[in-house]
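Asker: Sequence positions in the sequence shown follow the working numbering and run 1336 to 1441.
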Amino acid sequence: QIISGVEYCHRNMVVHRDLKPENLLLDSKCNVKIADFGLSNIMRDGHFLKTSCGSPNYAAPEVISGKLYAGPEVDVWSCGVILYALLCGTLPFDDENIPNLFKKIK
């Protein structure tokens, strides 16, 4: 359901940019709802994003390095981190020191 929801956003030209477990809600029937679109952006053909935003542990290498990115790839990265955490019970990249965390992600 998470991937289907993200794919729906991308198909409608929306990139979330802050996907993390705290922004995934469950309704009474255990359906996933993606929440908190405060950092989201509308994708436009030929336009790239550069803003570094989102939660550090879930941020894609492109985001933390300040490189240009189209959008969907950063949400896909965050989905990978979320799925890893769901399966393993720990984050794939973790460090209390943000510069060290970013070195691990890069």
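C-beta atoms are modelled at their ideal positions from N, C-alpha and C, and glycine is treated no differently.
How far does the beta strand (DSSP E) with residue 1455 in it reach, from first residue to last?
Answerer: Within the shown structure, residues of the chain are numbered from 1336 to 1441, placing residue 1455 beyond reach of any answer.
Asker: Check whether the Cβ atoms of residue 1443 and residue 1363 sit closer than 9 Å, and answer yes or no.
Answerer: For residue 1443 there is no data in the structure shown, the boundaries of the chain being 1336 and 1441.
Asker: So, does the stretch 1342-1350 touch the stretch 1366-1379, judging by three or more C-beta pairs under 8 Å?
Answerer: They touch, by the three-pair rule.
Asker: Where does the unbroken beta strand (DSSP E) through residue 1368 begin, and where does it stop?
Answerer: Per DSSP, residue 1368 belongs to the beta strand (DSSP E) from 1367-1369.
Asker: Determine which residues share a DSSP beta bridge with residue 1404 and list them.
Answerer: For residue 1404, which the question treats as bridged, DSSP gives the partners 1384.
Asker: Nearest CA to the CA of residue 1360: which residue from 1407, 1337, 1435, 1342?
Answerer: Out of 1407, 1337, 1435, 1342, 1337 has the C-alpha closest to the C-alpha of residue 1360.
Asker: As a quick exercise: from 1355, 1382, 1383, pick the residue whose alpha carbon is nearest that of residue 1372.
Answerer: Ranking the options by Cα distance to residue 1372, first place goes to 1355.
Asker: Quick one: residues in its chain with C-beta nearer than 8 Å to the C-beta of residue 1385, no 5 flanking neighbours on either side, listed in chain order?
Answerer: 1401, 1402, 1403, 1404, listed in sequence order.
Asker: Can you check which of these residues, 1438, 1409, 1369, is closest to residue 1387 by C-alpha distance?
Answerer: Nearest of 1438, 1409, 1369 to residue 1387, Cα basis: 1409.
Asker: Give me whichever residues DSSP pairs with residue 1376 in a beta bridge.
Answerer: According to DSSP, which records beta bridges pairwise, residue 1376 is partnered with 1350.
Asker: For residue 1440, is the classification buried or exposed, using 16 other Cβ atoms within 10 angstroms of its Cβ as the cut-off for buried?
Answerer: By the 10 Å Cβ count, residue 1440 comes out buried.
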